[in-house]
Amino acid sequence: MQSYFVYMPDNRLCAAWGCTAISTGYTEIGSNSDYPPSRHPNDHHFSWSRGRILSAYQIVQISAGSGRLEFGPSRRQVAIAGGSIFLLFPGVWHRFAPDRRAGWVEHWIECRGSAFDFACDAGLLRPEQPVHASSSEIADVFASIHALARDDCLRNQPLLSTLGLQLLALLCRPA
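Count along the sequence shown from 1, add 1488, and you get the number used in our numbering.
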């Protein structure tokens, strides 16, 4: 698959469901490549030296390769391996990057809405524990996200938003 990213506006219909997908993408980062590779909007672009803070939730699946995530006020650092998912929370400082020698393959969807807020308030998602194991179900959802986003992200935004809800349900499912 070829790397891509899309950004979408807020959508009242999706907001009524408790989840609005506002961006998604797929990127293959080869070994010894610069990261991040492409220019994103100013509120999403970041460098390792500065990190960033988002205003929405982002689910990031690393399907191959490895790297690191640093987050929160204490700048806790965790290793990220292929087959991992990490969540980025609104208002929480973070930075992440693949290992220079290994690179990685990343898939992401960014969502905002009351469903994600409720999951956090209920303790189902916790900013201090952002890393989770992925699964074939999650990989299948991301494959659907990529197909819909690359076809017509604006027309498919309601479907993309419900797939964001599906990922939320999979991440909150008891082990």
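Beta carbons are placed, not taken as given, at the ideal position from N, Cα and C, and that holds for glycine. Just so we're clear, the structure is a prediction, and the values are computed from it rather than from any experiment.
Contact check for C1507 and G1601: beta-carbon distance about 4 Å, within the 8 Å limit, so the pair qualifies.
Under the DSSP assignment, S1622 falls outside any alpha helix (DSSP H); it carries neither an H nor an E label. The C-beta distance from Q1565 to I1626 rounds to 24 Å, too long to fall under 8 Å, and the pair is not in contact. Counting the other Cβ atoms within 10 Å of the Cβ of P1618 gives 16 or more, which makes it buried. Secondary structure at Q1645: helix, using DSSP grouped into helix, strand and coil.
Taking the C-beta atoms as reference points, S1649 is found nearer than 8 Å to C1599.
Of the residues assessed, L1501 falls on the exposed side of the cut-off, its CB having fewer than 16 other CB atoms within 10 angstroms.
Secondary structure note for F1584: its beta strand (DSSP E) is the uninterrupted segment 1582-1586.
Sixteen is the threshold: since fewer than 16 other Cβ atoms of the shown chains lie within 10 Å of the Cβ of M1489, the residue is exposed. Contact between L1651 and S1632 holds, with the beta-carbon distance rounding to 6 Å and staying under 8 Å.
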